[in-house]
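**Q**
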Amino acid sequence: MLIAANKAVSIDYTLTNDSGEVIDSSAGGAPLVYLHGAGSIIVGLEKALEGKQAGDELKVAIEPEEAYGEYSPELVAVLNRGMFEGVDELAVGMQFHASGPDGSMQIVTIRDLDGDDVTVDGNHPLAGQRLTFQVKVVNVRDANPEEIAHGHIHGEGGHHH
1 MLIAANKAVS IDYTLTNDSG EVIDSSAGGA PLVYLHGAGS IIVGLEKALE
51 GKQAGDELKV AIEPEEAYGE YSPELVAVLN RGMFEGVDEL AVGMQFHASG
101 PDGSMQIVTI RDLDGDDVTV DGNHPLAGQR LTFQVKVVNV RDANPEEIAH
151 GHIHGEGGHH H
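Counting in full-length UniProt numbering, the sequence shown runs from 1 upward without gaps.
1. Would you mind reading off the limits of the beta strand (DSSP E) that contains I62?
2. Identify, in the order they occur along the chain, each residue of the same chain with its Cβ nearer than 8 Å to the Cβ of H160, setting aside the five sequence neighbours on each side.
3. Any idea if D121 is buried or exposed, counting beta-carbon neighbours within 10 angstroms, 16 or more meaning buried?
4. Look up M105 in the DSSP assignment and give the residues it is bridged to.
5. Could you tell me whether the stretch 84–95 touches the stretch 133–148, where touching means 3 or more Cβ pairs closer than 8 Å?
6. Quick one, which of S10, V108, R141, R130 has its alpha-carbon nearest E66's?
7. By Cβ distance, which residues of its chain are closer than 7 Å to A34, with the 5 residues on each side in sequence left out?
8. Give every residue of the same chain whose Cβ lies closer than 6 Å to the Cβ of N139, excluding the five residues on either side of it in the sequence, and list them in chain order.
9. So, for E46: in the same chain, excluding its five sequence neighbours on each side, which residues have a beta-carbon less than 7 Å away from its beta-carbon?
10. Taking 8 Å as the limit between beta carbons, can you name the residues of its chain near V22, skipping five residues before and five after?
11. Here's a check: name, in chain order, each residue in its chain whose Cβ is nearer than 7 Å to the Cβ of N123, leaving out the five neighbours to either side.
12. Distance, Cα to Cα, Y68 vs T132?
13. Are the beta-carbon atoms belonging to V108 and K52 less than 8 Å from one another?
14. My understanding is that G44 touches I62, with C-beta atoms under 8 Å, so please give their C-beta distance in whole angstroms.
15. Go through the stretch 115–161 residue by residue and report every complete run of the alpha helix (DSSP H) that reaches 4 residues or more, in order.
16. Check whether the Cβ atoms of A143 and K7 sit closer than 8 Å, and answer yes or no.
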């Protein structure tokens with residue numbers, strides 16, 4: 001069975017950056033299970049997997065525009081510590097939900113603390129990076145109607161309600 005829209009796909013993968021550092025991997029754990037065509041994984045990887053089948057292995061480099069986008073300096077802001085009321089201790093690396101410029105929710109990460117100035121960054125941590133995936137397709141099956149309706153895979157390696 002070939003990978004196409006509305007297929008439940010299981011993959012083993014290792015994700016590295018341009019320096020060869022491992023960013024994420026399914027090694028030692030269960031394969032990643034996703035619904036192909038539902039936007040569950042980055043566009044570039046989904047395109048590379050289209051038409052593959054169980055047993056296929058590939059190595060693919062994905063440019064930022066088909067991964068997490070280019071790094072956008074406009075998503076960095078300096079806020080006053082007072083905007084974080086209810087949080088006793090702020091630290092670099094902490095993440096918070098915030099309203100984006102278009103009103104949607106986004107995650108911001110504290111990048112710097114300087115007195116009452118808190119620098120937050122709304123870019124994805126992997127924005128602006130070329131990502132390399134080493135992938136082995138473990139399994140491909142038809143997604144069931146409920147999985148298609150929900151936009152994700154249920155059960156082993158998938159979403160649990």
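By construction, the Cβ of each residue, glycine as well, lies at the ideal position given by its N, Cα and C atoms. As the structure is a computational prediction, the values presented were derived from the model and not from experiment.
**A** Checking against the coordinates, here is how it stands:
1. Counting from 1 along the sequence shown, the entry for residue 62 is found at position 62. Where I62 is concerned, the enclosing beta strand (DSSP E) stretches over 57–62.
2. Numbered from its first residue, the sequence shown carries residue 160 at position 160. With a pLDDT of only 49 at H160, under the threshold of 50, the placement of this residue in the model should not be trusted, and no figure is reported.
3. Counted from its first residue, the sequence shown places residue 121 at position 121. Buried, since its Cβ has 16 or more Cβ neighbours within 10 Å.
4. On the sequence shown, position 105 is the one that residue 105 refers to. BP columns for M105 point to S99.
5. no
6. Against the sequence shown, residue 66 aligns to sequence position 66. Among S10, V108, R141, R130, the Cα nearest to that of E66 is on R130.
7. Taking the first residue of the sequence shown as position 1, residue 34 is located at position 34. Correcting the residue type first, residue 34 is Tyr in the shown sequence and not Ala. So the qualifying residues of the chain are V9, S40, I41, I153.
8. By one-based count along the sequence shown, residue 139 stands at place 139. For N139, where only same-chain residues beyond five positions count, the Cβ hits under 6 Å are S10, A54.
9. Mapped onto the sequence shown, residue 46 falls at position 46. Hits under 7 Å: H36.
10. Here the question's residue 22 lines up with position 22 in the sequence shown. Around V22: T14, L15, T16.
11. Here residue 123 refers to the residue found at position 123 of the sequence shown. These residues qualify, in order along the chain: Y71, S72, L75.
12. One-based indexing of the sequence shown puts residue 68 at position 68. One-based indexing of the sequence shown puts residue 132 at position 132. Distance between the alpha carbons of Y68 and T132 is about 13 Å.
13. For the purposes of this step, residue 108 is taken as residue 108 along the sequence shown, with counting starting at 1. For the purposes of this step, residue 52 is taken as residue 52 along the sequence shown, with counting starting at 1. It is not a contact, given that the beta carbons lie outside the stated cut-off.
14. In the sequence shown, the residue the question calls residue 44 occupies position 44. In the sequence shown, the residue the question calls residue 62 occupies position 62. 3 Å between Cβ atoms; contact.
15. 145–150
16. Your numbering for residue 143 matches position 143 in the sequence shown. Your numbering for residue 7 matches position 7 in the sequence shown. Cβ atoms of A143 and K7: closer than 8 Å.
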